[in-house]
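If you count by the UniProt record's numbering, then the sequence shown holds residues 1 to 125, one letter each, in order.
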Amino acid sequence: MTNKITSATKPESHATALEDGCCTTGLPPAALAESLRPADEELAMLAKALGHPVRILILRNLLRIGACYFGKLADLLPVAPSTASQHLTILKDAGLVKGEIEGDRPCYCIDLEKLRRMQHLIGDL
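The following block contains the structure:
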C-alpha cells in the first residue's frame with residue numbers, strides 16, 4: 001500500500017505555514033525552507049532501530065557491560081529470548097550492535113563508531 005499525498009491531504013506550503021503567525025522567526029520563508037540532507041535517511045534508519053524500549057535497554061546494558069553472550073544478555077531483559085533475539089537483529093541490521101560467534105555462543109557488543117556517528121547526526125539537526 002502506498003501513501004500518496006493528494007491535494008486533499010497535502011500539507012500547507014512552508015510559506016503559508018510560516019506566514020500564519022505561528023512560526024515567527026524574523027526570517028523570510030524562503031530562508032527557512034530546507035531540503036532533505038543526504039544523512040537524513042541514515043539518521044531515520046538509526047532512530048527507527050531505537051524505536052522500542054527493549055532496544056534502548058539492550059544498548060544500555062551493552063554500554064555498561066561491554067561484550068556479552070546472548071544468554072546472559074537475554075536474562076537481563078524483560079522479554080522472552082526469542083523476542084530479545086528479534087530486537088538484537090534490528091540493532092545489528094542498523095549497525096549499532098555487532099555480534100560474533102565465540103565457540104558455540106554469540107557474543108554481542110556495541111559498535112561505538114556507529115553510536116558516535118548517530119550522536120553526530122543528531123547534533124547536526
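Quick reminder that beta carbons are idealized off the backbone N, C-alpha and C, glycines included.
Only a predicted model underlies this, so the values are computations on that prediction, with no experimental measurement involved.
Requested in this report: Tell me whether C68 is buried or exposed, calling it buried when 16 or more other Cβ atoms sit within 10 Å of its Cβ.
Outcome: Working through the sequence shown from its first residue, we reach residue 68 at position 68. Classification of C68: buried, given that the 10 Å Cβ count is 16 or more.
Query raised in the report: Where DSSP assigns a beta bridge to residue 128, which residues make up the other side?
Result: The structure shown does not extend to residue 128, since the chain spans only 1 to 125, so no value can be given for it.
Report task. Might you give, ordered along the chain, the residues of its own chain that have their beta carbon closer than 8 Å to the beta carbon of R105, omitting 5 neighbours on each side? Result -> Here residue 105 is taken as the residue at index 105 of the sequence shown, counted from 1. If we look at R105 and ignore the five residues flanking it on each side, its Cβ neighbours are Y69, F70, G71.
Report task. Confirm, please, whether the CB-CB distance from A84 to residue 158 is below 8 Å. Result -> For the chain, the structure presents residues 1 to 125; residue 158 sits outside this window and is missing.
Query raised in the report: Considering only residues of the same chain and omitting the five flanking positions on each side of M45, which have a CB-CB separation below 7 Å?
Result: Taking the first residue of the sequence shown as position 1, residue 45 is located at position 45. For M45, where only same-chain residues beyond five positions count, the Cβ hits under 7 Å are A94.
Query - Proximity to I90 [Cα-Cα], best of R117, I56, G66, S35 - result: The residue labelled residue 90 in the question sits at position 90 within the sequence shown. Checked all of R117, I56, G66, S35; the closest Cα to I90 is I56.
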